[in-house]
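Novice: So that we are looking at the same thing, I have put the structure below in structure tokens.
Numbering (full-length UniProt numbering), first residue to last: 1 to 220.
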């Protein structure tokens, strides 16, 4: 397949994945696919090309429905779409509300902060993997895998701001962990720090746990 066509396919499937993820949908319909600029016939072709990321089936009371083969595939594609839309400057070209209703001038850091907040607000955890994928993609080293998808604007932005973005979102996540009483929510944020190659809070937590265990043993 032509590289330009592949880039177009990734963005369209990513848009579909993101929109359905934001709505909390695991299955979707032909109209949802068409709204993302994908012809239904093309979707079945993409299924074979993209290692069967797409499933088409018929459910008696719903008719023909579609889904991604696994939620993790949907969340990864959604993260790729959100990342590319922001870093390549596509948000300014969208005629409809963009990623999490961010403004056209939103930076990657803005996107990451909003994604952290949205994931924390979501009680069923259906944005957790999305957030982990997104934080991982924000690293300049990780984005090498998406070089063919990046515009000159995207490459320039990453090289200039990646280090600062990494530092600031790491600090932001640590603050959220300290303020958040939910263990389940905090665990996912620890995973995000791991994606960002930051182990400081994890080491601090282990050290604190070890000291508490020593204290309990000495008292007993």
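For each residue, glycine too, the CB sits at the ideal point set by N, CA and C.
For clarity, every value in this text was computed on a predicted model and none was experimentally measured.
Do you know offhand how far residue 223's Cα is from residue 25's?
Specialist: Only positions 1 to 220 of the chain appear in the structure, and residue 223 is not among them; the question remains open.
Novice: Please list, in chain order, all residues of the same chain as residue 135 whose beta carbon is under 6 Å from its beta carbon, the five residues on each side excluded.
Specialist: As a working note, residue 135 is residue 135 in the chain shown. Answer for residue 135: 192, 195 and 196, listed in chain order.
Novice: With a CB to CB cut of under 7 Å and the five nearest residues on each side skipped, what residues in its chain are close to residue 82?
Specialist: Counting from one through the chain shown, the residue named residue 82 turns up at place 82. So the qualifying residues of the chain are 18, 99, 111 and 134.
Novice: Alpha carbon to alpha carbon, what distance is there between residue 163 and residue 150?
Specialist: Position 150 of the chain shown, counting from 1, holds the residue named residue 150. Position 163 of the chain shown, counting from 1, holds the residue named residue 163. So the alpha carbons of these two residues sit roughly 18 Å apart.
Novice: Report the rounded CA-to-CA distance for residue 77 versus residue 184, giving the unit in angstroms.
Specialist: Taking the chain shown and counting its residues from 1, one reaches residue 77 at position 77. Taking the chain shown and counting its residues from 1, one reaches residue 184 at position 184. Approximately 24 Å between the Cα atoms of the pair.
Novice: Can you pull the DSSP bridge partners for residue 66?
Specialist: Here residue 66 refers to the residue found at position 66 when the chain shown is read from its first residue. Paired residue(s): 28 and 56.
Novice: What is the residue span of the alpha helix (DSSP H) that residue 122 lies within?
Specialist: Within the chain shown, residue 122 is the residue found at index 122, counting from 1. Run containing residue 122: none; DSSP gives neither H nor E here.
Novice: Can you check the UniProt domain "NACHT LRR and PYD" (70 to 202) for any alpha helix (DSSP H) of at least 4 residues that lies completely inside it and give the ranges in chain order?
Specialist: DSSP runs (the alpha helix (DSSP H)) wholly in the UniProt domain "NACHT LRR and PYD" (70 to 202): 71 to 87, 108 to 121, 128 to 137, 152 to 179 and 183 to 195.
Novice: For residue 33, which three-state DSSP category applies?
Specialist: Numbered from 1 along the chain shown, position 33 holds the residue referred to as residue 33. Of the three classes helix, strand and coil, the one that applies to residue 33 here is helix, per DSSP.
Novice: Are residue 138 and residue 108 closer than 9 Å when you measure CB to CB?
Specialist: The sequence position of residue 138 within the chain shown is 138, counting from 1. The sequence position of residue 108 within the chain shown is 108, counting from 1. Contact: yes.
Novice: From this set, 187, 157, 20 and 179, which residue's C-alpha is nearest residue 105's C-alpha?
Specialist: Counting from 1 along the chain shown, the entry for residue 105 is found at position 105. Looking at the Cα atoms, 157 is the closest of the given residues.
Novice: Between residue 89 and the rest of its own chain, which residues show a CB-CB distance below 6 Å, the 5 nearest in sequence each way excluded?
Specialist: Looking up residue 89 in the chain shown gives position 89. So the qualifying residues of the chain are 153.
Novice: Nearest to residue 114 by CA position, among 146, 176, 67 and 66, is which residue?
Specialist: On the chain shown, position 114 is the one that residue 114 refers to. With distances taken between Cα atoms, residue 114 lies closest to 176.
Novice: So which of 172, 182 and 179 has the shortest CA-CA distance to residue 198?
Specialist: In the chain shown, the residue the question calls residue 198 occupies position 198. Looking at the Cα atoms, 172 is the closest of the given residues.
Novice: Report the rounded CA-to-CA distance for residue 22 versus residue 140, giving the unit in angstroms.
Specialist: Stepping through the chain shown from its first residue, residue 22 is reached at position 22. Stepping through the chain shown from its first residue, residue 140 is reached at position 140. If I take the Cα positions, the gap works out to 26 Å.
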